[in-house]
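Have a look at the structure below, then the notes.
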Amino acid sequence: LDGDNGLTHGLVSAITVLVIACPCALGLATPTAIMVGVGKAAESGILIKDAESLELGKKANAVVLDKTGTITEGRPIVSEIFWDKEDDSEKQVLLSIEKQSEHPLADAVVKHLEGEGTLELSSFSSITGKGAKALYNNETYFVGNLRLMEENGILIPKELSQKAEIWSSEMQTVIYFANSSKALAALAISDKIKDSSAAAIKEMQEMGLELYMLTGDNKATAAAVAKKAGITNYKAELLPQDKADYIKDLQNKGRIVAMVGDGINDSTALATADVSIAMGTGSDIAMDVAKMTIISSDLTKIPQAIRLSKSTVRTIKQNLFWAFIYNLIGIPIAAGILYPLNGFLLNPMIAGAAMALSSLSVVSNSLRLKWKS
Numbered sequence: 187l188d189g190d191n192g193l194t195h196g197l198v199s200a201i202t203v204l205v206i207a208c209p210c211a212l213g214l215a216t217p218t219a220i221m222v223g224v225g226k227a228a229e230s231g232i233l234i235k236d237a238e239s240l241e242l243g244k245k246a247n248a249v250v251l252d253k254t255g256t257i258t259e260g261r262p263i264v265s266e267i268f269w270d271k272e273d274d275s276e277k278q279v280l281l282s283i284e285k286q287s288e289h290p291l292a293d294a295v296v297k298h299l300e301g302e303g304t305l306e307l308s309s310f311s312s313i314t315g316k317g318a319k320a321l322y323n324n325e326t327y328f329v330g331n332l333r334l335m336e337e338n339g340i341l342i343p344k345e346l347s348q349k350a351e352i353w354s355s356e357m358q359t360v361i362y363f364a365n366s367s368k369a370l371a372a373l374a375i376s377d378k379i380k381d382s383s384a385a386a387i388k389e390m391q392e393m394g395l396e397l398y399m400l401t402g403d404n405k406a407t408a409a410a411v412a413k414k415a416g417i418t419n420y421k422a423e424l425l426p427q428d429k430a431d432y433i434k435d436l437q438n439k440g441r442i443v444a445m446v447g448d449g450i451n452d453s454t455a456l457a458t459a460d461v462s463i464a465m466g467t468g469s470d471i472a473m474d475v476a477k478m479t480i481i482s483s484d485l486t487k488i489p490q491a492i493r494l495s496k497s498t499v500r501t502i503k504q505n506l507f508w509a510f511i512y513n514l515i516g517i518p519i520a521a522g523i524l525y526p527l528n529g530f531l532l533n534p535m536i537a538g539a540a541m542a543l544s545s546l547s548v549v550s551n552s553l554r555l556k557w558k559s
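Numbering of the sequence shown is given in our numbering, commencing with residue 187 and proceeding in unit increments.
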């Protein structure tokens, strides 16, 4: 195409515009940043199921924490059993009930009573958020929290009640074993607060996040754990649906809620939250529902995940900005806007190189995420 004529200039400009307007950089801006962000999270022990959760993490302004297995280690042990009148057959009934329960506290009781022997129960039923009920030898037995006892009109002897108050103030969970009329024993179950919990909670508060602790445990134990962990907002004696309702209430007040939990009882709340995070040592159901999983169950990974989300979204915006600026400047030049001024026409080969360079700059900017803390 030799010669200085309008047809030649027009054809060159048209080809150059087509080359430089290729939306490669715009197309790479978001997926490359998300790919690197998800990979960086995986390296840090944070598994993210989808891009939406990674992006929503940036917007979260309220974090709701379960107590057992999230703030605490999730390895409960029975520290003491106080019997009204100790009886070997009643120990066997208690062990038989707890062996059929899937609650994590039941495992602690089973380990503590191992070797006592079991009995064949006539029936067994789990009561969500409260405990369990069983029938043996025409007698109904209950294992569970104070709410379960009160709802069934079960008398708690004074000595058991006094023990329970002491245990609760020491951050121990209290459950009762009872027949249809009165409590036969009170059990103290301890679960240490993770070494990292207080530091992680303080870090999240410094990031401007509102922290809440929701638990099905009694008020005294919840208050003691919340105080040691550094949380001022907490709710105790909640059923699984109560946790979900509390999250909905926060959402109605304009909060973007991240829920962190590990148990079956947390699955409804996890499904309700905007960002759902499960602990890797928790139940399979919780991990199935959650969009993020912390493999090590280390609470310090939560602020790390939120920071990574912010960095990823910031990188996406940078990529889109530079890709847009490239097209905003490049297309008019390729169309020949400078030709009337100085006779400059952009060569299609240079336009191709510029297009490739814009894509390379977007990918390089995304890769910077790998080296950010």
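Note that CB positions come from ideal geometry on N, CA and C, so glycine has one too.
Option in the options with minimal Cα separation from residue i
{"i": "S563", "options": "M465, K477 and T218", "result": "Residue numbering for the chain in the displayed model covers 187 to 559; residue 563 lies beyond these limits and cannot be assessed."}
{"i": "E392", "options": "H289, T304, G339 and G416", "result": "G416"}
{"i": "L346", "options": "E284, L370, E300 and E356", "result": "L370"}
{"i": "S376", "options": "P489, S495 and I267", "result": "I267"}
{"i": "P262", "options": "Q278, S308, K380 and A227", "result": "K380"}
{"i": "G394", "options": "A246, S552 and W508", "result": "A246"}
{"i": "T498", "options": "A227, L212 and P209", "result": "A227"}
{"i": "L204", "options": "L553, L546, I519 and S547", "result": "I519"}
{"i": "T314", "options": "E351, P426 and V279", "result": "P426"}
{"i": "K558", "options": "N505, F507 and T501", "result": "T501"}
{"i": "A200", "options": "A537, D252, V548 and S544", "result": "A537"}
{"i": "E351", "options": "T407, A457, T304 and N338", "result": "T407"}
{"i": "H298", "options": "E306, K414 and Q278", "result": "Q278"}
{"i": "K414", "options": "N438, I257 and I340", "result": "I257"}
{"i": "I234", "options": "K421, K477 and I450", "result": "K477"}
{"i": "A455", "options": "D428, G466, G440 and N438", "result": "D428"}
Rounded separation between residue i and residue j - CA only
{"i": "A386", "j": "A491", "result": "12 angstroms"}
{"i": "P534", "j": "D236", "result": "39 angstroms"}
{"i": "L240", "j": "E302", "result": "49 angstroms"}
{"i": "G189", "j": "F530", "result": "With a pLDDT of only 47 at G189, under 50, the local geometry of the prediction cannot be trusted, and no value is derived from it."}
{"i": "G260", "j": "M399", "result": "15 angstroms"}
{"i": "A430", "j": "A521", "result": "57 angstroms"}
{"i": "E300", "j": "V475", "result": "33 angstroms"}
{"i": "Q348", "j": "K253", "result": "24 angstroms"}
{"i": "L506", "j": "I220", "result": "13 angstroms"}
{"i": "T486", "j": "E276", "result": "43 angstroms"}
{"i": "E229", "j": "A248", "result": "25 angstroms"}
{"i": "A292", "j": "L436", "result": "32 angstroms"}
{"i": "I340", "j": "N324", "result": "17 angstroms"}
{"i": "I342", "j": "S355", "result": "18 angstroms"}
{"i": "T304", "j": "T418", "result": "43 angstroms"}
{"i": "K306", "j": "G466", "result": "Residue identity differs from the one stated: residue 306 is Glu in this sequence, not Lys. Each residue's alpha carbon lies about 34 angstroms from the other."}
{"i": "S382", "j": "E337", "result": "37 angstroms"}
{"i": "S265", "j": "N438", "result": "41 angstroms"}
{"i": "T326", "j": "R493", "result": "52 angstroms"}
{"i": "G440", "j": "E238", "result": "19 angstroms"}
{"i": "A294", "j": "S366", "result": "24 angstroms"}
Distance CB(residue i)-CB(residue j) smaller than 7 angstroms
{"i": "K316", "j": "G330", "result": "yes"}
{"i": "D448", "j": "G255", "result": "yes"}
{"i": "A374", "j": "W353", "result": "yes"}
{"i": "V250", "j": "K556", "result": "no"}
{"i": "M357", "j": "V411", "result": "yes"}
{"i": "V446", "j": "I463", "result": "yes"}
{"i": "P489", "j": "E396", "result": "no"}
{"i": "L212", "j": "A509", "result": "yes"}
{"i": "S453", "j": "I433", "result": "no"}
{"i": "C210", "j": "S545", "result": "yes"}
{"i": "T202", "j": "L532", "result": "yes"}
Same chain, Cβ closer than 6 angstroms to residue i, five either side skipped, listed in chain order
{"i": "S311", "result": "K319"}
{"i": "D460", "result": "L242, I442 and V443"}
{"i": "S495", "result": "L240, G243 and K244"}
{"i": "Y420", "result": "M399, A408 and A412"}
Cut-off 7 angstroms between Cβ atoms - residues of its own chain near residue i, not counting five sequence neighbours on either side
{"i": "V296", "result": "L281, E284 and K285"}
{"i": "E423", "result": "R333, G402, N404 and K405"}
{"i": "S308", "result": "L321 and Y322"}
{"i": "A215", "result": "I502, N505, L506, A509 and V548"}
{"i": "G225", "result": "none"}
{"i": "T458", "result": "A430, I433 and K434"}
{"i": "N451", "result": "G315, G402 and P426"}
{"i": "K378", "result": "T258 and E259"}
Contacting residues, own chain, Cβ-Cβ under 8 angstroms from residue i (five flanking each side not counted)
{"i": "N528", "result": "none"}
{"i": "M335", "result": "F328, I342, Y362, A364 and A369"}
Query raised in the report: When the Cβ atoms of the stretch 463-482 are set against those of the stretch 266-281, are three or more pairs found closer than 8 angstroms?
Result: Fewer than three beta-carbon pairs drawn from the stretch 463-482 and the stretch 266-281 are found closer than 8 angstroms, and the two stretches are therefore not classed as touching.
Report task. Pair every Cβ in the stretch 502-519 with every Cβ in the stretch 282-294, then say whether three or more of these pairs are closer than 8 angstroms. Result -> The stretch 282-294 and the stretch 502-519 do not touch, with fewer than three beta-carbon pairs separated by less than 8 angstroms.
Query raised in the report: Do the stretch 370-379 and the stretch 349-362 meet, that is, are 3 or more Cβ pairs less than 8 angstroms apart?
Result: Counting Cβ pairs under 8 angstroms, three or more are found: they touch.
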